[in-house]
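Peer 1: Below is one structure. I have some questions about it.
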Amino acid sequence: MQTLNLPVFQFKLKQQGHRRQIFDIIRKKYVTLTPEEWVRQNFLQYLIQHKNFPASLIAVEAGLKLNQLQKRMDVLVYDKQGTPYLMVECKAPEVKITQDTFDQIARYNRMFKVTYLVVTNGMQHFCCKMDYVNGTYTYLETIPDFE
């Protein structure tokens with residue numbers, strides 16, 4: 597898989613028929629290794645190993661209903677009180693991050709109202725801190741550490 601703009605991590609990989617799989621430490625199972633999954637697994641390791649997010653507070657591909665449609669968000673992190681805290685939308689490295697990507701995560705966030713929104717394709721990472729009182733957001737230079 598492609599080298600990403602993240603630290604290098606070790607993963608459990610296996611071949612299942614014609615498909616390569618990677619072990620997801622959050623879902624505790626092997627999943628098909630697609631370019632987007634590669635980004636998600638690397639970013640999960642980054643959150644856990646470098647930003648001190650507890651794995652026990654992370655949900656992967658959590659389902660939500662949006663306008664009567666069933667959707668799945670890539671990563672949702674909760675704070676110590678169990679309140680949604682940070683949401684991550686992952687794209688494959690070759691997918692350019694556009695306004696549509698931000699619109700997608702913003703639609704998902706209507707339900708959760710997290711403090712931080714993150715969009716990544718493994719090469720570029722964007723993080724916004726939400727201000728719901730003033731209806732604004734601020735782009736941050738780095739992903740925050742878990743508090």
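Each residue of the sequence shown is one higher than the last, beginning at 597 in my numbering. Every residue gets a Cβ at the ideal spot worked out from N, C-alpha and C, and that includes glycine. The structure presented is a predicted model; accordingly, all values stated were derived computationally and were not measured.
(1) Can you name the start and end residues of the alpha helix (DSSP H) that Glu633 belongs to?
(2) Would you be able to state if there are at least three C-beta pairs under 8 angstroms between the stretch 681-688 and the stretch 622-632?
(3) Just the C-alpha distance for Thr697 and Thr732, rounded to the nearest angstrom, thanks.
(4) Is Thr697 near the ligand MG - that is, is its Cβ less than 8 angstroms away from at least one heavy atom of it?
(5) Would you kindly report the start and end of the unbroken beta strand (DSSP E) that includes Thr628?
(6) Quick one, which of Pro740, Gly678 and Met719 has its alpha-carbon nearest Leu602's?
(7) Can you tell me whether Asp727 is helix, strand or coil according to DSSP?
(8) Where Arg668 and Glu657 are concerned, what is the direct C-alpha to C-alpha distance, given to the nearest angstrom?
(9) What is the C-beta distance between Leu640 and Ile618, in whole angstroms, given that I count them as a contact (C-beta under 8 angstroms)?
(10) Hey, out of Ile701, Thr694 and Gln677, whose CA is closest to Met683's CA?
(11) Using beta-carbon positions only, say whether Thr734 and Lys725 come within less than 9 angstroms of one another.
(12) Spatial neighbours of Leu609 within its chain, please: CB distance less than 6 angstroms, with the 5 preceding and 5 following residues excluded, ordered by chain position.
(13) From what residue to what residue does the beta strand (DSSP E) around Gln612 run?
Peer 2: With the structure as the only source:
(1) Within the sequence shown, the letter at position 37 stands for residue 633. Pro631 to Gln645 is the span of the alpha helix (DSSP H), which, as asked, contains Glu633.
(2) yes
(3) If you number the sequence shown from 1, residue 697 lands on position 101. If you number the sequence shown from 1, residue 732 lands on position 136. Answer to the nearest angstrom: the Cα atoms are 18 angstroms apart.
(4) By its list of ligands, the structure shown contains no ligand whatsoever, and the ligand MG lies outside what it can speak to.
(5) Your numbering for residue 628 matches position 32 in the sequence shown. First-last of the beta strand (DSSP E) with Thr628: Lys625 to Thr628.
(6) The residue given as residue 602 occupies position 6 in the sequence shown. It is Met719.
(7) Taking the sequence shown and counting its residues from 1, one reaches residue 727 at position 131. If DSSP states are grouped into helix, strand and coil, Asp727 belongs with the strands.
(8) Position 72 of the sequence shown, counted from the first residue, corresponds to residue 668. Position 61 of the sequence shown, counted from the first residue, corresponds to residue 657. Computed Cα separation, rounded: 5 angstroms.
(9) The residue you call residue 640 lines up with position 44 of the sequence shown. The residue you call residue 618 lines up with position 22 of the sequence shown. About 11 angstroms; that fails the 8 angstroms criterion.
(10) On the sequence shown, residue 683 is found 87 positions in, with the first residue counted as 1. The candidate whose alpha carbon is nearest that of Met683 is Ile701.
(11) For the purposes of this step, residue 734 is taken as the residue at position 138 of the sequence shown. For the purposes of this step, residue 725 is taken as the residue at position 129 of the sequence shown. Yes, the pair counts as a contact, with Cβ atoms nearer than the cut-off.
(12) One-based indexing of the sequence shown puts residue 609 at position 13. The residues are Ile618.
(13) Reading the sequence shown from its first residue, position 16 is the one you call residue 612. Its beta strand (DSSP E) spans residues Leu609 to Gln612.
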